[in-house]
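A.B. asks:
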Amino acid sequence: MKFPLYFSRKIAFSKDNKNNLSRVIIFIGRLSVALGIIVSLITVSTGLGSKKAIKERLGDFSGHITVRSTKSNSSYNTSVLDNQGLDIKSIKAFPDVATVQGYAMVTGIMRNEHSFAGIIFKGVGKDFDSLRFKKFLTAGKTPFLNGEGYNNGVVISEKIANDLHLKVKDSIVTVFSKADQKPIYRNFEVVGIYKTDIKMIDDQFVIGDINHVRRIQDMKPDEIGGLDIFFKNINNVDEDFPQVEHFIGYKNYAEKATDKYPQINDWIGLFDTNIGIIISIMLLVVIINIIMVLLILIIERTNSIGLLKTLGATNGQIRATFINYTLIIMVPGLLCGNLIGLGLLITQKYTGIIKLNPANYYVSVVPVDLNPWLIISISVGILIISGMALVIPSYLISKISPVKAIKYN
């Protein structure tokens with residue numbers, strides 16, 4: 203075993219530390235490291251968890267990538283998807299693509315004796331991914347769609363249900379209007395109620411039979427207004443997006459789920475900024491405290507430094523000894539910080555004890571992403587950066603004279 207590491211372990215585990223100033227300094231150093239680890243773990247895990255949860259909710263409701271006709275522009279009333287250059291089979295053949303479903307949308311107004319609500323009626327067919335949608339259901343079920351006839355069952359959001367005092371099996375009249383034509387009335391039965399916690403979706407969308415939209419929009423039986431493309435892994439969307447665009451035709455356009463709602467995309471982008479700022483602040487606090495610990499330990503052990511120099515130890519060996527000593531002191535703080543931080547995160551992940559206002563945060567509970575590589579990286583990163591930061595202040599040792607140090611009391 204090399205001398206610096208051997209000697210640093212000897213003084214680190216020495217009983218002399220229990221009755222002098224270093225005991226208090228070591229406690230402060232370990233406490234700062236533990237707090238730094240706890241705050242960093244919570245910040246990274248909840249920040250990344252929130253990003254992932256919001257993206258998954260957006261994608262699982264309306265497709266990770268949506269294909270629409272350029273004629274639709276930004277209107278909620280979809281135009282017929284152009285078939286020229288559109289190759290749905292090739293899109294489905296992508297290894298990362300899970301399912302592809304067709305849809306068509308039209309705006310309307312739901313009303314009853316209690317109130318009314320402006321809605322976007324999203325019509326889906328027999329290729330509707332009801333299993334993916336099931337996670338949003340709070341009551342009832344999705345309508346059975348076989349592509350034949352007209353199914354009057356609809357799934358409405360919890361927000362719309364509360365505003366109109368509706369529950370499962372209730373009937374509701376919906377009015378659709380077309381330019382220069384009389385209003386079109388449809389009577390629907392509520393078969394399910396959903397909740398995504400995303401205000402822009404819950405305030406407007408109703409899921410029902412695509413054949414209703416086709417009839418209202420004068421579409422042919424096999425025409426659709428768009429495609430929802432779902433991926434097996436949401437992390438592959440950015441990579442595969444340019445390839446998907448090659449198969450949609452030049453009269454259609456593709457859009458990622460997060461790009462549909464710029465305000466949500468901006469909100470997601472803030473997580474990266476906030477995580478970076480908080481991690482930087484906590485790392486700075488840890489480094490300042492650890493440097494303070496090193497300097498006080500050097501001053502306190504001036505006699506030992508002088509004696510080591512007298513016995514032939516080089517400045518480099520002594521610096522390495524004290525850097526190792528300080529890093530060894532950090533280890534209990536790292537362990538405690540990880541235990542407490544992970545304990546809090548695991549509790550939140552499986553109990554959801556801390557709630558959020560979905561109107562502001564787009565999720566109703568604080569989501570947690572327990573990535574083992576990130577957890578390890580935080581601890582290792584703090585240890586390495588702290589070790590590098592200790593190099594410069596350790597040069598104070600070279601200024602200590604052996605003769606004066608031995609006389610120092």
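Every number in my numbering is 202 more than the matching position in the sequence shown, counting from 1. Glycine included, each C-beta is placed from N, C-alpha and C at the ideal position.
#1: Taking C-alpha atoms, which residue in Tyr305, Ile403 and Ile374 lies nearest to Ile431?
#2: Name the residue from Gly535, Asn285 and Lys343 whose alpha carbon lies nearest to the alpha carbon of Ile584.
#3: Our contact map puts Glu425 next to Val282 with C-beta atoms below 8 Å; I'd like the distance itself, whole angstroms only.
#4: Within this structure, are the beta carbons of Asp404 and Glu360 separated by less than 8 Å?
#5: Taking just the CA atoms, how far does Leu333 sit from Leu537?
#6: Classify Met307 as buried or exposed, calling it buried when 16 or more other Cβ atoms lie within 10 Å of its own Cβ.
#7: Please give the ranges of any beta strand (DSSP E) in the stretch 451-515, keeping only runs that are unbroken, at least 3 residues long and fully inside the region.
#8: Mind reading off the beta-carbon distance from Ile542 to Ile240? Whole number of angstroms is fine, and I expect it under 8 Å.
#9: Identify the continuous beta strand (DSSP E) that holds Gln303 and give its terminal residues.
#10: Return the residue from the list Leu233, Val226 and Ala456 that minimises the CA-CA distance to Val488.
#11: What's the C-alpha gap between Val246 and Ser317?
#12: What is the DSSP secondary structure of Val391, counted as helix, strand or coil?
#13: Closer than 8 Å is the cut-off here; do at least three beta carbon pairs connect the stretch 365-380 with the stretch 288-297?
#14: At what residue ranges does the stretch 564-605 contain a whole run of the alpha helix (DSSP H), taking only runs of 4 or more?
#15: What do you reckon, is the C-beta of Ser379 under 7 Å from a heavy atom of the ligand HEM?
#16: So what does DSSP say about Tyr166, is it helix, strand or coil?
#17: Indicate the three-state DSSP secondary structure (helix, strand or coil) for Asp430 in the structure shown.
#18: For a quick check, are the C-beta atoms of His266 and Ile436 less than 8 Å apart?
#19: Would you tell me roughly how many angstroms separate the C-alpha atoms of Asn279 and Leu572, rounded to the nearest one?
#20: Looking at the structure shown, is Ala295 part of a helix, part of a strand, or coil, going by DSSP?
#21: Buried or exposed, going by whether 16 or more other CB atoms sit within 10 Å of the CB of Tyr564?
#22: Just reading off the beta strand (DSSP E) that Ser373 is part of, what are its end residues?
#23: Report yes if the C-beta distance between Lys458 and Val439 is below 8 Å; otherwise report no.
#24: Just confirm the distance between the C-beta atoms of Ala341 and Ile395, as a whole number of angstroms; I'd bet it's less than 8 Å.
#25: Does the Cβ-Cβ distance between Ala236 and Gly539 come in under 8 Å?
#26: Does the beta-carbon of Arg189 have 16 or more other beta-carbons within 10 angstroms, so that it is buried, or is it exposed?
#27: Is the distance from the Cβ of Thr528 to the Cβ of Val570 below 8 Å?
#28: Label Met203 either buried or exposed according to how many other C-beta atoms from any shown protein chain fall within 10 Å of its C-beta, with 16 as the threshold for buried.
#29: Which value, in whole angstroms, describes the spacing of the CA atoms of Pro345 and Ser292?
#30: Nearest by alpha-carbon distance to Asp468: which of Val567, Leu347, Lys253 and Tyr455 is it?
#31: What does the Cβ neighbour count give for Ser264, buried or exposed, with the cut at 16 atoms within 10 Å?
#32: Closer than 6 Å by C-beta to Glu441: which residues in its own chain qualify, once you throw out the five before and the five after it? Chain order, please.
#33: Helix, strand or coil, according to DSSP, for Lys557 in the structure here?
#34: Is the beta carbon of Gly589 sitting closer than 8 Å to the one on Ile525?
#35: Assuming Ile412 contacts Gly327 (C-beta within less than 8 Å), just tell me the rounded distance between them.
#36: Report the rounded CA-to-CA distance for Pro574 versus Leu546, giving the unit in angstroms.
C.D. replies: Let's see:
#1: For Ile431, the nearest C-alpha among the options comes from Tyr305.
#2: Measuring C-alpha to C-alpha distances from Ile584 to each of Gly535, Asn285 and Lys343 identifies Gly535 as the nearest.
#3: Correct: roughly 5 Å between the Cβ atoms.
#4: Glu360 sits close to Asp404, with the two beta carbons spaced by under 8 Å.
#5: Between the C-alpha atoms of Leu537 and Leu333 there is a straight-line separation of about 42 Å.
#6: The C-beta of Met307 has 16 or more other C-beta atoms within 10 Å across all chains shown, which makes the residue buried.
#7: For secondary structure counted as the beta strand (DSSP E) over 3 or more consecutive residues, the stretch 451-515 holds these complete runs in sequence order: 454-458.
#8: The Cβ separation is near 5 Å, so the contact holds.
#9: Residues Val299 to Arg313.
#10: Put simply, of Leu233, Val226 and Ala456 the residue whose alpha carbon is nearest the alpha carbon of Val488 is Leu233.
#11: Rounded to whole angstroms, the gap between the alpha carbons of Val246 and Ser317 is 43 Å.
#12: A quick correction: the sequence has Glu, not Val, at residue 391. In this structure, DSSP gives Glu391 an extended state, which the three-state scheme calls strand.
#13: Contact between the stretch 365-380 and the stretch 288-297 is absent, because fewer than three Cβ pairs lie under 8 Å.
#14: Every alpha helix (DSSP H) of 4 residues or more that sits fully in the stretch 564-605 is shown, in chain order, as 574-591.
#15: Because no ligand of any kind appears in the structure shown, any question about the ligand HEM cannot be addressed here.
#16: With the chain represented from 203 up to 611, any question about residue 166 goes unanswered, as that position is not in the structure.
#17: Three-state DSSP puts Asp430 in a strand.
#18: Yes, the Cβ-Cβ distance between His266 and Ile436 is below 8 Å.
#19: Distance between the alpha carbons of Asn279 and Leu572: 41 Å.
#20: Of the three classes helix, strand and coil, the one that applies to Ala295 here is coil, per DSSP.
#21: Buried: at least 16 other Cβ atoms inside 10 Å.
#22: Note, Ser373: beta strand (DSSP E), Ser373 to Phe378.
#23: Cβ atoms of Lys458 and Val439: closer than 8 Å.
#24: Right, the Cβ-Cβ distance comes to about 4 Å (below 8 Å), so this counts as a contact.
#25: Taking 8 Å as the Cβ cut-off, Ala236 and Gly539 qualify as a contacting pair.
#26: There is simply no residue 189 to check, as the chain begins at 203 and stops at 611 in what is shown.
#27: The answer is no: Cβ separation not under 8 Å.
#28: Legend: pLDDT at Met203 = 46, less than 50; position of this residue unreliable, value from coordinates given subsequently. Looking at its Cβ environment, which holds fewer than 16 other Cβ atoms inside 10 Å, Met203 is exposed.
#29: If I take the Cα positions, the gap works out to 29 Å.
#30: The residue with the shortest Cα to Cα distance from Asp468 is Lys253.
#31: The residue is buried, with at least 16 neighbouring Cβ atoms inside 10 Å.
#32: Closer than 6 Å at the Cβ level, and outside the excluded window around Glu441, lies no residue.
#33: Reduced to three states, the DSSP call for Lys557 is strand.
#34: The answer is yes: Cβ separation under 8 Å.
#35: Their Cβ separation, rounded to whole angstroms, is 5 Å, which keeps Ile412 and Gly327 in contact under 8 Å.
#36: About 15 Å.
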